[in-house]
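Protein chains in written order, with full-length UniProt numbering: chain V, 1 to 189; chain B, 1 to 189.
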């Protein structure tokens, strides 16, 4: 095998991740078979799994990309802004729906659960840091423990993804996010 | 074929619905194949589909049972009580997860979407009637339109199912529901 440059390697990985994302978005987690991944990515299974060990590893790599991008926004502007960005990008809905499809696997497969938690850790810690910062600035209600507020926002994120995936009007969901934002604020702020 | 009594017919339908519910709960919507339905129910596909035309019809029958039971609680005590009941029945989590798995199908299959909406109509109208009644009694915040409040509660329901399905602590989710309840109430109530 010829030596490949770093650039070439990065481009190849990009090709694999972009194709896999399209494949998961179109078929859902379970139905994104190795055969379909080959077709969408345009590479053989040998070439794909040389870079990413298996389908789960590939899926986690995409989840980590999402988590990193969302964490950046969450750290700066909070998790509600992450949700507003979701509403503004309808082309992402089909991909987001895979988050719902893996719920059963998360409950029943401890290894998969662990992998998912590790990839989502960056977003969780960005959200938690932002909540602490807002609390210190007196902008957060202080009659509810921070872990409950964080759980509330996580729940709203999952609910938003579910409502979007089933075709709810984004305008109305935007008004719901206003209500959510209002409900975590300090009342005198 | 011998004439069957009404009792016998009802018992047979009950057997089919109970078995199908266990099958969907164990395997998820997509993986609940006809073969697996036969095994869990204990009847041949001929006998099953004599009563329910196909897998979707069977699934909708279960969804309607759920909607009817939830509508009864929602009419009397509101949708948040429906959610508290969910938290108190962990054996239902696996079945509830199928609600998430059908999101993609709801978006991409108009006939399935229509069937689902019809079966869920009873719960939607019970929730909406209860919200109107609470509003008239001055117990509901009136700075947010009722359709936004209803969308908010629907979103929280989906989010709750998702968090439960992924293994979130029910105690913490219960505290989240307190916050949700507080956020739809009139501030002077």
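Note that the Cβ used here is the ideal one computed from N, Cα and C, for glycine as well.
Where the alpha helix (DSSP H) through residue 77(V) begins and ends = Taking the first residue of the first chain as position 1, residue 77(V) is located at position 77. 55-77 is the span of the alpha helix (DSSP H), which, as asked, contains residue 77(V).
How many angstroms separate the CA atom of residue 154(V) from the CA atom of residue 25(B)?
-> Position 154 of the first chain, counted from the first residue, corresponds to residue 154(V). Position 25 of the second chain, counted from the first residue, corresponds to residue 25(B). Roughly 24 Å separates the two Cα atoms.
Taking Cβ to Cβ, would you say residue 186(V) is nearer than 7 Å to residue 132(V)?
-> Stepping through the first chain from its first residue, residue 186(V) is reached at position 186. Stepping through the first chain from its first residue, residue 132(V) is reached at position 132. Taking 7 Å as the Cβ cut-off, residue 186(V) and residue 132(V) do not qualify as a contacting pair.
First and last residue of the alpha helix (DSSP H) that includes residue 99(B)?
-> Your numbering for residue 99(B) matches position 99 in the second chain. Run containing residue 99(B): 98-101, per the alpha helix (DSSP H) assignment.
Note down, in chain order, all residues in the region 172-186 of chain V with a beta-carbon under 9 Å from any beta-carbon belonging to chain B.
-> 172, 173, 175, 176, 178, 179, 180, 182, 183 and 184
Ordered along the chain, which non-local residues of its own chain (more than five positions away) have a Cβ less than 7 Å from that of residue 189(B)?
-> Numbered from its first residue, the second chain carries residue 189(B) at position 189. Because the pLDDT of residue 189(B) is 46, which lies under 50, any placement of that residue in the model is unreliable, and the number read from its coordinates should be weighed accordingly. 138 and 139, listed in sequence order.
Can you tell which of 149(B), 163(B), 152(B) and 121(B) has its C-alpha closest to the C-alpha of residue 60(B)?
-> If you number the second chain from 1, residue 60(B) lands on position 60. Among 149(B), 163(B), 152(B) and 121(B), the Cα nearest to that of residue 60(B) is on 121(B).
Any idea what DSSP makes of residue 22(B), helix, strand or coil?
-> Mapped onto the second chain, residue 22(B) falls at position 22. Residue state, collapsed to three classes: helix.
Going by the CB atoms, is the gap between residue 148(B) and residue 159(V) shorter than 7 Å?
-> By 1-based counting over the first chain, the position of residue 159(V) is 159. By 1-based counting over the second chain, the position of residue 148(B) is 148. Not closer than 7 Å, so no.
Cβ contact check for the region 30-38 of chain B and the region 114-130 of chain V: 3 or more pairs under 8 Å = no
Who are the Cβ neighbours of residue 127(B) in its own chain at under 7 Å, not counting the five residues just before and after it?
-> Within the second chain, numbered from 1, the residue matching residue 127(B) stands at position 127. Cβ neighbours of residue 127(B) beyond the five flanking positions: 74, 79, 150 and 153.
How should residue 104(V) be labelled, buried or exposed, when 16 other C-beta atoms within 10 angstroms of its C-beta is the threshold for buried?
-> Locating residue 104(V) in the first chain gives position 104, where the first residue counts as 1. Answer is buried; the Cβ neighbour count reaches 16.
Within 10 angstroms of its Cβ, does residue 91(B) collect 16 or more other Cβ (buried), or is it exposed?
-> As a first step, residue 91(B) must be located in the second chain, where it is residue number 91. Flag for residue 91(B) reads exposed.
Could you work out which residues of chain V lie near residue 160(B), taking near to mean beta carbons separated by less than 7 Å?
-> Residue mapping note: residue 160(B) aligns to position 160 of the second chain, counting from 1. In chain order: 155.
Could you tell me whether any Cβ in chain V is nearer than 7 Å to the Cβ of residue 57(B)?
-> Here residue 57(B) is taken as the residue at index 57 of the second chain, counted from 1. It does not; no Cβ of chain V falls within 7 Å.
Under the three-state reduction of DSSP, which class applies to residue 140(B): helix, strand or coil?
-> Taking the first residue of the second chain as 1, we reach residue 140(B) at position 140. Residue state, collapsed to three classes: strand.
Could you give the uninterrupted runs of the alpha helix (DSSP H) lying entirely in the region 145-184 of chain B, keeping only those of 4 residues or more?
-> 146-165 and 170-184
Is residue 186(V) helix, strand or coil by DSSP?
-> In the first chain, residue 186(V) corresponds to position 186, counting from 1. Coil, per DSSP.
At least one CB of chain V closer than 7 Å to the CB of residue 152(B): is that the case?
-> Locating residue 152(B) in the second chain gives position 152, counting from the first residue. True, the Cβ-Cβ gap to chain V drops below 7 Å.
Distance CB(residue 219(B))-CB(residue 40(B)) smaller than 7 Å = Past the edges of chain B, shown from 1 to 189, lies residue 219(B), and the structure says nothing about it.
Is it true that the CB of residue 87(V) sits closer than 7 Å to the CB of residue 146(V)?
-> Counting from one through the first chain, the residue named residue 146(V) turns up at place 146. Counting from one through the first chain, the residue named residue 87(V) turns up at place 87. No, they are not a contact pair.
For residue 71(B), which of 130(B), 10(B), 181(B) and 19(B) has the nearest alpha-carbon?
-> In the second chain, the residue the question calls residue 71(B) occupies position 71. The shortest C-alpha separation from residue 71(B) is found at 130(B).
Using the C-alpha atoms, what's the distance from residue 179(V) back to residue 144(B)?
-> Residue numbering aside, residue 144(B) sits at position 144 when the second chain is read from its first letter. Residue numbering aside, residue 179(V) sits at position 179 when the first chain is read from its first letter. If I take the Cα positions, the gap works out to 8 Å.
Do residue 100(V) and residue 100(B) come within 7 Å of each other at the CB atom, strictly closer than that value?
-> Along the second chain, read from residue 1 onward, the residue named residue 100(B) stands at position 100. Along the first chain, read from residue 1 onward, the residue named residue 100(V) stands at position 100. Yes, Cβ-Cβ distance for residue 100(B) and residue 100(V) is below 7 Å.
Does the beta carbon of residue 30(B) sit closer than 7 Å to a beta carbon anywhere in chain V?
-> The residue given as residue 30(B) occupies position 30 in the second chain. So yes, residue 30(B) belongs to the interface.
For residue 29(V), does the three-state DSSP call read helix, strand or coil?
-> Taking the first residue of the first chain as 1, we reach residue 29(V) at position 29. Residue 29(V) falls in the helix class under three-state DSSP.
Quick one, are the C-beta atoms of residue 96(V) and residue 161(V) less than 7 Å apart?
-> Numbered from 1 along the first chain, position 96 holds the residue referred to as residue 96(V). Numbered from 1 along the first chain, position 161 holds the residue referred to as residue 161(V). In this structure, residue 161(V) lies closer than 7 Å to residue 96(V) by Cβ.
Answer with yes or no whether the minimum CB distance from residue 62(B) to chain V is below 7 Å.
-> Locating residue 62(B) in the second chain gives position 62, counting from the first residue. Cβ-Cβ to chain V under 7 Å: no for residue 62(B).
Under 7 Å between C-beta atoms, does residue 26(B) make it to chain V?
-> Within the second chain, the letter at position 26 stands for residue 26(B). It does not: the Cβ of residue 26(B) has no partner Cβ on chain V nearer than 7 Å.
Is residue 34(V) near the ligand HEM, going by C-beta to nearest heavy atom under 6 Å?
-> The ligand HEM is not among the ligands present in this structure, which contains no ligands whatsoever.
Measure how close the beta-carbons of residue 17(B) and residue 62(B) come, nearest whole angstrom, since I'm counting them as under 8 Å.
-> Position 17 of the second chain holds residue 17(B). Position 62 of the second chain holds residue 62(B). Residue 17(B) to residue 62(B), Cβ: 6 Å. Contact.
Considering only the beta carbon of each residue, do residue 58(V) and residue 20(V) sit closer than 7 Å?
-> Taking the first chain and counting its residues from 1, one reaches residue 58(V) at position 58. Taking the first chain and counting its residues from 1, one reaches residue 20(V) at position 20. Closer than 7 Å, so yes.
Contacts around residue 102(B), its chain only, beta-carbon distance under 7 Å, and the 5 residues preceding and following it disregarded = Reading the second chain from its first residue, position 102 is the one you call residue 102(B). Excluding positions up to five away in sequence, the list reads 29.
Going by the CB atoms, is the gap between residue 27(B) and residue 36(B) shorter than 7 Å?
-> In the second chain, counting from the first residue as 1, residue 36(B) sits at position 36. In the second chain, counting from the first residue as 1, residue 27(B) sits at position 27. Yes; because the gap between Cβ atoms is below 7 Å, this pair is in contact.
If you run the structure through DSSP and keep just helix, strand and coil, what is residue 43(B)?
-> As a position in the second chain, residue 43(B) is number 43, starting the count at 1. DSSP places residue 43(B) in coil when its eight states are reduced to three.
Can you round the beta-carbon distance between residue 56(B) and residue 112(B) to whole angstroms, since I take them to be within the 8 Å contact cut?
-> Along the second chain, one-based indexing puts residue 56(B) at 56. Along the second chain, one-based indexing puts residue 112(B) at 112. Confirmed, Cβ separation roughly 6 Å.
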